[in-house]
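What follows is one structure encoded as structure tokens, with my remarks underneath.
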Amino acid sequence: FFRAPKGHTMSHSPQQKVKLIFEKFDKDKNGFWSFDEMNDWQNATEGWKMERDAFEEICENIGADPTKGYDLAHMCLMYLDKTIPPELQLDLDEDWEKLFTKQVGKKGIMLL
7 FFRAPKGHTM SHSPQQKVKL IFEKFDKDKN GFWSFDEMND WQNATEGWKM ERDAFEEICE
67 NIGADPTKGY DLAHMCLMYL DKTIPPELQL DLDEDWEKLF TKQVGKKGIM LL
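Here the sequence shown is numbered in the working numbering, starting from 7 and rising by one per residue.
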């Protein structure tokens, strides 16, 4: 039993998945993840929050301005570019499952 929420389809390209993840946490819709928005994502995917120093260091490493935060291109870089250092790479499939699917007993998966 599969159920897609409004605006979601059953299959997405990797780029579409990154965009949907990004939009889910860009609460103020300014095109950047602030430190607080990034921490909402971090908590939802990993269950813990990041220190500001770590956020600023990651921003530096991916070319983001720490006063603005990550934009969609930065998230695509971390999710999709396998040439960046492994410590900056994110697992798109794992995060997608954590954020957009949940188990529904033995009947399968339901998209959130």
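Just so it is clear, CB atoms sit at the ideal spot from N, CA and C, and this is done for glycine as well.
### Task
Using a threshold of 8 Å, state whether the C-beta atoms of D77 and G37 are closer than that.
The answer is yes: Cβ separation under 8 Å.
### Task
Evaluate D102 with the Cβ neighbour count: other Cβ atoms within 10 Å of its Cβ, from every protein chain shown; 16 or more gives buried, anything less gives exposed.
Correcting the residue type first, residue 102 is Trp in the shown sequence and not Asp. So W102 counts as buried.
### Query
In three-state terms, what does DSSP make of T51?
T51 falls in the helix class under three-state DSSP.
### Task
Output the distance between the C-alpha atoms of L26 and Q95, rounded to the nearest integer angstrom.
So the two alpha carbons sit approximately 18 Å from each other.
#### Entry: Range of the contiguous alpha helix (DSSP H) that encloses W39
It is not in any alpha helix (DSSP H) - W39 carries neither H nor E in the DSSP assignment.
### Message
So, under 8 Å CB-CB, C82 and P72 are touching, yes? Tell me the CB distance rounded to an integer number of Å.
### Response
In fact, because the Cβ distance is near 19 Å, the residues do not count as touching under 8 Å.
### Query
Name the DSSP beta bridge partners of Y76, please?
Under DSSP, Y76 takes part in a beta bridge, and its partners are W39.
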